[in-house]
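Protein chains in written order, with the numbering used here: chain A, 1 to 339; chain B, 1001 to 1339.
Even glycine gets a Cβ: it sits at the ideal position worked out from N, Cα and C.
In what follows, a structure is listed as structure tokens, so that the remarks can point back to it.
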């Protein structure tokens, strides 16, 4: 299934036995695809954020395994290299495990390729399902705030949190859409603004520090975000700033929705405190392109994810259903249990 | 009174009947002073943020009046132009009223100049007093987080919130200092990091969205901020992002200190909802220097201040004393009443 809109923004294209990755470091100034023909190039592209967003990273890693298999490369080495590319998003490990199981069971490159293509298509279908489910929670006339980029650029298409906003917009439910700029990498300014403009969804951008003020002075009904990893009890790791918005939302009676496919759940982890939080380079905060914005020697604490406890989340929307007021029992009902 | 440290960073210098303003738009890359010889240049310098920080703006405006008086210009026009340069900080109006009263009572340019110089010196002395008072609230071994720039660059010298941090550091009370980058103008990255480096106070910078996460994963004892206007009940307008940090601080049991001279109080206003909140240009969020970071046409909501209700503030430190758990009665005790 392909719609005009999903065709218009594609973070990943699998074509002629190569992976084309829209280089998200260059957006919105340039739309250029980077071609990956081996797993190492895919791993570097994930680490360098050519491709980002938990579901998109998982799909890219799956195609990385396919490239290794087609080249007759060492698949265990490719798997390890891809697994090490980013630490927080669990979809990466989920995708690698799915391809790895097949390979260990003797599947050839063609079979792995079919599985990666299926995974990619399933992600798009899951996003459309989540879009419908999430939109159904939003009353007509609502205003929403989102953080980071969770659209077609972050997924196999349509998007998770931004997919819900797209679906809700198409259904005429939204009075206003706000998004943060999302420091340090500016996913909101560079990517979400770009996707919303392409979709012709009117929106306004705020500085990351302005979330609580916005909730106080304008009516906001929902904060809607994606996830990089969700523990068995519903605690959710997502882009840095998410937790601060969740705290502000609770203080203002604004509801808080997490939208993520089942592959984002890590049922091995009882709670969010065990989720590894990636810290990235100081340069993301001290420089802008080639320009220094802080004096030489400025020390930085740059965690790029944080954990929002389940108690601050009103609903987790996944393709299998809506988990309201998530806790371990409700997550198990919809997602299942490990062991 | 001049110390080595206050001599090292001076936002404003009055010299040879001209006002020298350290151009804060160029920091930390360049240290260049802009010379103002008329009130219009001072008003433009305030509007364009050559000089910023509520107390520094007040002092600059006072010197603007002196320049108008020395040139034999229309002082009522100069006063109106200076008053219109920025809407939120009340120190500007306080300083203009102080010079205006003298002028209306027949004071000549020399008398106005002496008053502006006195005001400048009083601000430095007030900051040193606030530094001592604020530091006395901080237990040895504490960790603090500050927002925006409230140091010598924002004042007549030493600083308000950053002055408390300087004093507490000198007294050996601080285990760790964190500061935000402070979007959109990056006062934290560009100015606070620069001042702290000059003072050789080790610090770490975080993204604005990371405040609540920092409070959760590391011990923070105090959030310490300045103010642009404080209403009679203690509600405090300050840089956008302050309110969000105050909400997060309360949720984490972190104490919240506002540091501002008596001139920052606007006793005409019963509560913070009447404080005018400046909205600045979309370009502050959509571009970085000459580079666009968001697609053309991106709409922006860019309030650059917010209001923190008194109920979230543990202490307001001013040169006249500490107002703990501020409310109208406690503010009146220390600051007085209007009418």
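Which whole-angstrom value describes the C-beta separation of residue 1209/B and residue 1147/B, a residue pair presumed to lie in contact below a C-beta threshold of 8 Å? By 1-based counting over the second chain, the position of residue 1209/B is 209. By 1-based counting over the second chain, the position of residue 1147/B is 147. The Cβ separation is near 12 Å, so there is no contact.
At least three beta-carbon pairs within less than 8 Å, the stretch 1296-1309 of chain B to the stretch 198-205 of chain A: yes
Grab me the residues of residue 1158/B's own chain with a C-beta within less than 7 Å of its C-beta, minus the 5 sequence neighbours each way, in chain order. Start at 1 with the first residue of the second chain, and residue 1158/B comes out as number 158. These residues qualify, in order along the chain: 1006, 1124, 1127, 1128, 1131, 1152 and 1166.
Residues bridged to residue 180/A (per DSSP): Counting from 1 along the first chain, the entry for residue 180/A is found at position 180. In DSSP, residue 180/A forms a bridge with 206/A.
Is any beta-carbon of chain A found at less than 8 Å from that of residue 1228/B? Residue 1228/B sits at position 228 when you count from the first residue of the second chain. It does not; no Cβ of chain A falls within 8 Å.
If you measure from the beta carbon of residue 15/A to each beta carbon in chain B, is any gap under 8 Å? Within the first chain, residue 15/A is the residue found at index 15, counting from 1. False, the Cβ-Cβ gap to chain B never drops below 8 Å.
Using three-state DSSP, classify residue 20/A as helix, strand or coil. Residue mapping note: residue 20/A aligns to position 20 of the first chain, counting from 1. DSSP, reduced to helix, strand and coil, places residue 20/A within a strand of the structure shown.
Hey, could you find the ends of the alpha helix (DSSP H) residue 1123/B is sitting in? The residue given as residue 1123/B occupies position 123 in the second chain. Segment 1109-1136, the alpha helix (DSSP H) holding residue 1123/B.
Under a Cβ-count criterion, where at least 16 other Cβ atoms within 10 Å of its own Cβ denotes burial, should residue 1199/B be classed as buried or exposed? Working through the second chain from its first residue, we reach residue 1199/B at position 199. It counts as buried.
Can the beta-carbon of residue 36/A be found less than 8 Å from the beta-carbon of residue 45/A? Residue numbering aside, residue 36/A sits at position 36 when the first chain is read from its first letter. Residue numbering aside, residue 45/A sits at position 45 when the first chain is read from its first letter. It is a contact, given that the beta carbons lie within the stated cut-off.
Quick one: which residues of the stretch 278-305 of chain A get their C-beta closer than 9 Å to a C-beta of chain E? List them in chain order. Note that chain E does not occur in the displayed structure, where the protein chains are A and B.
Host beta strand (DSSP E) of residue 1308/B (start-end): To locate residue 1308/B, count along the second chain from 1; it is residue 308. Counting along the chain, the beta strand (DSSP E) containing residue 1308/B begins and ends at 1305-1308.
Can you give the beta carbon distance from residue 51/A to residue 96/A, rounded, assuming they're within the 8 Å contact cut? Indexing the first chain from 1 puts residue 51/A at position 51. Indexing the first chain from 1 puts residue 96/A at position 96. No, residue 51/A and residue 96/A are not in contact; Cβ-Cβ is about 15 Å, not under 8 Å.
With a 10 Å radius around its C-beta and 16 neighbouring C-beta atoms as the bar for buried, classify residue 1139/B as buried or exposed. For the purposes of this step, residue 1139/B is taken as the residue at position 139 of the second chain. With fewer than 16 other Cβ atoms within 10 Å, it is exposed.
Does any CB atom of chain A fall closer than 8 Å to the CB of residue 1165/B? Residue 1165/B sits at position 165 when you count from the first residue of the second chain. No, residue 1165/B does not count as interfacial toward chain A.
Contact set between the stretch 185-216 of chain A and chain B, restricted to residues whose Cβ is under 8 Å from the partner: 186, 189, 190, 193, 194, 197, 202, 203, 204, 205, 206, 207, 208, 209, 210, 211, 212, 213, 214 and 216
8 Å Cβ cutoff, residue 1020/B in contact with chain A: The residue given as residue 1020/B occupies position 20 in the second chain. The Cβ of residue 1020/B sits no closer than 8 Å to any Cβ of chain A.
Hey, how far is the Cα of residue 278/A from the Cα of residue 1337/B? As a first step, residue 278/A must be located in the first chain, where it is residue number 278. As a first step, residue 1337/B must be located in the second chain, where it is residue number 337. The straight-line gap from Cα to Cα measures roughly 51 Å.
To the nearest angstrom, how far is the alpha carbon of residue 1240/B from that of residue 39/A? For the purposes of this step, residue 1240/B is identified with residue 240 of the second chain, where counting begins at 1. For the purposes of this step, residue 39/A is identified with residue 39 of the first chain, where counting begins at 1. Their backbone Cα atoms lie some 44 Å apart in a straight line.
Assign residue 215/A to one of three DSSP states: helix, strand, or coil. For the purposes of this step, residue 215/A is taken as the residue at position 215 of the first chain. It is helical.
Through-space distance from residue 270/A to residue 234/A, alpha-carbon basis: Position 234 of the first chain, counted from the first residue, corresponds to residue 234/A. Position 270 of the first chain, counted from the first residue, corresponds to residue 270/A. Rounded to the nearest angstrom, the two C-alpha atoms are 9 Å apart.
Tell me the residue span of the alpha helix (DSSP H) that contains residue 1330/B. Locating residue 1330/B in the second chain gives position 330, where the first residue counts as 1. Where residue 1330/B is concerned, the enclosing alpha helix (DSSP H) stretches over 1328-1335.
Comparing the C-beta of residue 1243/B with each C-beta of chain A, is any distance below 8 Å? On the second chain, residue 1243/B is found 243 positions in, with the first residue counted as 1. Taking Cβ atoms only, chain A reaches closer than 8 Å to residue 1243/B, which makes this a yes.
So if DSSP puts residue 1266/B in a beta bridge, which residue, or which two residues, is it bridged to? Here residue 1266/B corresponds to residue number 266 of the second chain, with the count starting at 1. Answer by DSSP bridge pairing, in chain order: 1231/B.
Cβ of residue 1183/B less than 8 Å from any chain A Cβ? In the second chain, the residue the question calls residue 1183/B occupies position 183. Judged by the 8 Å Cβ criterion, residue 1183/B is in contact with chain A.
Report the rounded CA-to-CA distance for residue 1238/B versus residue 192/A, giving the unit in angstroms. Residue numbering aside, residue 1238/B sits at position 238 when the second chain is read from its first letter. Residue numbering aside, residue 192/A sits at position 192 when the first chain is read from its first letter. Going from the Cα of residue 1238/B to the Cα of residue 192/A covers about 28 Å.
Taking only three categories from DSSP, how would you classify residue 1091/B? For the purposes of this step, residue 1091/B is identified with residue 91 of the second chain, where counting begins at 1. Helix at residue 1091/B.
Taking the straight line between their C-alpha atoms, what separation do you get for residue 265/A and residue 161/A? Walking along the first chain from the start, residue 265/A turns up at place 265. Walking along the first chain from the start, residue 161/A turns up at place 161. The straight-line gap from Cα to Cα measures roughly 16 Å.
Using a Cβ cut-off of 8 Å (strictly closer), state whether residue 240/A contacts chain B. On the first chain, position 240 is the one that residue 240/A refers to. Judged by the 8 Å Cβ criterion, residue 240/A is in contact with chain B.
Just how far apart, CA to CA, sit residue 1077/B and residue 1267/B? The sequence position of residue 1077/B within the second chain is 77, counting from 1. The sequence position of residue 1267/B within the second chain is 267, counting from 1. Their backbone Cα atoms lie some 26 Å apart in a straight line.
Report the neighbours of residue 1258/B on chain A: residues whose CB is nearer than 8 Å to its CB, in chain order. Here residue 1258/B is taken as the residue at index 258 of the second chain, counted from 1. Within 8 Å Cβ-Cβ: nothing; residue 1258/B doesn't reach chain A, min ~16 Å.
Can you tell me whether residue 261/A is buried or exposed, with buried defined as 16 or more other CB within 10 angstroms of its CB? Working through the first chain from its first residue, we reach residue 261/A at position 261. Classification for residue 261/A: buried.
Going by alpha carbons, who is nearest to residue 1014/B out of 1024/B, 1101/B, 1117/B and 1081/B? What you label residue 1014/B is simply residue 14 of the second chain in a count that begins at 1. Of the listed residues, the one whose Cα sits closest to residue 1014/B is 1117/B.
Below 8 Å between beta carbons: does that hold for residue 226/A and residue 54/A? As a working mapping, residue 226/A is identified with position 226 in the first chain. As a working mapping, residue 54/A is identified with position 54 in the first chain. Contact flag set, yes.
Relative to the alpha-carbon of residue 321/A, which residue among 63/A, 275/A and 136/A has its alpha-carbon at the smallest distance? For the purposes of this step, residue 321/A is taken as the residue at position 321 of the first chain. That would be 136/A, whose Cα lies nearest to the Cα of residue 321/A.
At what residues does the alpha helix (DSSP H) containing residue 321/A begin and finish? Counted from its first residue, the first chain places residue 321/A at position 321. No alpha helix (DSSP H) contains residue 321/A, which is instead part of the beta strand (DSSP E) from 321-324.
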